[in-house]
Amino acid sequence: MKRALQAGAVLVLLSLVGLLALRLVQKDKGAEFVSAIANGSQPMAPTFDLPLLGSSKDVSLQSLRGKVVVVNFWASWCVGCQDEAADLNALAARWKDRGVVFVGLNAQDLTSDARAFARSHDVRYTLVHASDDSIKDRYGVTAFPETFVINRQGRAVYHLEVDRLASSESLDGALGRAVAQ
872 MKRALQAGAV
882 LVLLSLVGLL
892 ALRLVQKDKG
902 AEFVSAIANG
912 SQPMAPTFDL
922 PLLGSSKDVS
932 LQSLRGKVVV
942 VNFWASWCVG
952 CQDEAADLNA
962 LAARWKDRGV
972 VFVGLNAQDL
982 TSDARAFARS
992 HDVRYTLVHA
1002 SDDSIKDRYG
1012 VTAFPETFVI
1022 NRQGRAVYHL
1032 EVDRLASSES
1042 LDGALGRAVA
1052 Q
């Protein structure tokens, strides 16, 4: 009995070490992804298949291929996310007829808080929820909000860092360039 408990404890410890190693690898790949965007190499965007906020229906990045996609990572508790919500709504409405889809990717949040945020800010574009940090890590997101522009071929062409709001003229310019590709 004692050996079985020891073996079980060793298995649990090895599993935890394995999970930690996986998270570190994902974070490294995320940092490489962001660096590649900054260098202009247009890496393939990490795919995701996530549930619509408050629904069991999924949205996949793959299903949006052929459109320019803005992926905005946000959380209800994030002050910058609150500050940019109205501007993102306006941008989404302005670019909708030009083949641009906005996807708000909620992470590190309770779905009930995220739904309340969406209602209070009248968010009218697609919102999905990530129940863990794996997609956030693959994108190299270090804080909220962070925004990525993905071209029609599924390549990331722009990364808007946390310290600038998504309503900036540079996002508008990035969308114009992505639509023209």
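Using our numbering, you'd call the opening residue of the sequence shown number 872 and step up by one each time.
Ideal Cβ placement from N, Cα and C applies to all residues, glycine included.
Grouping DSSP H, G and I as helix and E and B as strand, with all else coil, what is residue i?
i       : result
Leu1031 : strand
Thr835  : Coverage of the chain is limited to positions 872 through 1052, which leaves residue 835 absent and any answer about it impossible.
Leu981  : coil
Gly970  : coil
Arg986  : helix
Arg1026 : strand
Gly975  : strand
Val1020 : strand
Val849  : Nothing can be reported for residue 849: it is not among the residues displayed for the chain, which extend from 872 to 1052.
Leu885  : Confidence is the limiting factor: at Leu885 the pLDDT is only 46, short of 50, which leaves the residue's position unreliable and the question unanswerable from this model.
Ala892  : For Ala892, the predicted structure reports a pLDDT of 39, less than 50, and the residue's modelled location is therefore unreliable. A value from the coordinates is still provided. It is helical.
Gly1044 : helix
Val905  : helix
Which stretch, first to last residue, makes up the beta strand (DSSP E) that contains residue i?
i      : result
Asp929 : 929-931
Phe919 : Segment: none, Phe919 is in no beta strand (DSSP E) and carries neither H nor E.
Val950 : Counting along the chain, Val950 falls outside any beta strand (DSSP E), though it belongs to the alpha helix (DSSP H) covering 950-966.
Leu998 : 997-1000
Asn943 : 939-945
Please classify residue i as buried or exposed, where buried requires at least 16 neighbouring CB atoms within 10 angstroms.
i       : result
Ser906  : exposed
Val950  : exposed
Gly901  : buried
Leu1031 : buried
Glu903  : exposed
Ser1041 : exposed
Leu923  : exposed
Leu1046 : buried
Gly1044 : exposed
So, under 8 Å CB-CB, residue i and residue j are touching, yes? Tell me the CB distance rounded to an integer number of Å.
i      : j       : result
Val994 : Asn943  : Not really, about 10 Å apart at Cβ, beyond 8 Å.
Phe919 : Ile1021 : Not quite, the Cβ-Cβ distance comes to about 11 Å (not below 8 Å), so this is no contact.
Ala916 : Arg1026 : 7 Å
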